[in-house]
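Below you'll find the structure, written out as structure tokens, and then a few comments.
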Amino acid sequence: MRVTLLLSAVVTAFSLSAAAGDWPGHRFVEASFVSFEDKFDGQRNDFSGYDLKGSFLINQHLFVAGEYSRVEDTVRFSDGYDNYRIYNRAIGLGVITPVAPNTVLDLAGYFGSFRLDEKIVDGNVTILEKDKYDYLKVEGTLRSMITPDVELYGRLGYVYLDEPGIVDKNQFTQAIGLHYFLSRNLSFLAEFERGDFLGGTYTQGRLGARFSF
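Here my numbering runs 16 ahead of the position in the sequence shown, where the first position is 1.
Pasting the structure below:
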């Protein structure tokens, strides 16, 4: 009886590992439109731009992932404008943990940086300012294929900002989203995210497409 139970457990573990390795969310390239709203010191900025992501499996349990995004906002006044751009770059390594036949948990750590560019044009005067903030990020993402065509996921993140000028270096994020698969390789995505950002708060929406391979 014990031998039968042991063999059953081993077979189940291997089947879950194989399911994790075949999971469509770990081998992909992705592009999306981003709407980003930042609130800081009573002010609000509405940004828009794009986001590029990619992920590649090392084996059934490990993956590497990267991200690049750019959003911007322009505020116009009587004799000029103020243009803000935020660039985000990150690369990381993740571990895949099956928790059910149709559900996996991804735990990943990233190293990245934010770059904030501000261009102020006031009449004949132009002022350029650039700031860079390095960060370390840890994310946990629970993914579930609720139907053969739909994946739902939730994500929690912790970000440590390596910047002496920021009082609160600990930032937190939360996100929910879904993928609708038109085929094994092509899916559309929708995501909503909120959290802390450089001492303020933000909300972000993404709509895009993913090619899985």
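Heads up, the beta-carbon is just placed ideally off N, CA and C, and yes, glycines get one too.
Cutting at 6 Å between CB atoms, please list the residues of its own chain near residue i, excluding the five before and the five after it.
i           : result
residue 128 : 105, 106, 151
residue 115 : 121
residue 154 : 125, 174
residue 101 : 88, 133
residue 170 : 158, 192
residue 8   : With the chain covering only 17 through 229, there is no way to say anything about residue 8.
residue 79  : 42, 71, 73, 110
residue 195 : 167, 203, 205
residue 144 : 135
What does DSSP give as the partner residue(s) for residue i in the beta ladder?
i           : result
residue 138 : 96, 141
residue 122 : 112, 157
residue 209 : 191, 220
residue 201 : DSSP lists no partner for residue 201.
residue 147 : 132
residue 173 : 155, 189
residue 168 : 160, 194
Can you tell me whether residue i is buried or exposed, with buried defined as 16 or more other CB within 10 angstroms of its CB?
i           : result
residue 184 : exposed
residue 110 : buried
residue 165 : exposed
residue 123 : exposed
residue 61  : buried
residue 108 : buried
residue 67  : buried
Kindly indicate which residue of the options has the alpha-carbon position closest to the one of residue i.
i           : options           : result
residue 132 : 89, 220, 123      : 89
residue 180 : 163, 214, 155     : 214
residue 147 : 136, 156, 130     : 130
residue 85  : 95, 92, 202, 64   : 64
residue 192 : 159, 178, 143     : 159
residue 112 : 190, 81, 139, 140 : 81
residue 103 : 197, 50, 182      : 50
residue 149 : 177, 217, 197, 95 : 177
Quick check: is any heavy atom of the ligand HEM less than 7 Å from the C-beta of residue i?
i           : result
residue 179 : No copy of the ligand HEM occurs in the structure displayed, which carries no ligand at all.
By Cβ distance, which residues of its chain are closer than 8 Å to residue i, with the 5 residues on each side in sequence left out?
i           : result
residue 44  : 69, 70, 71, 226, 227, 228, 229
residue 224 : 46, 47, 48, 49, 67, 204, 205
Apart from the five residues on each side of it in sequence, which residues of its chain come closer than 7 Å, Cβ to Cβ, to residue i?
i          : result
residue 97 : 90, 91, 137
Could you tell me which whole beta strand (DSSP E) segments of length 3 or greater appear in the region 58 to 97? 59 to 73, 78 to 93
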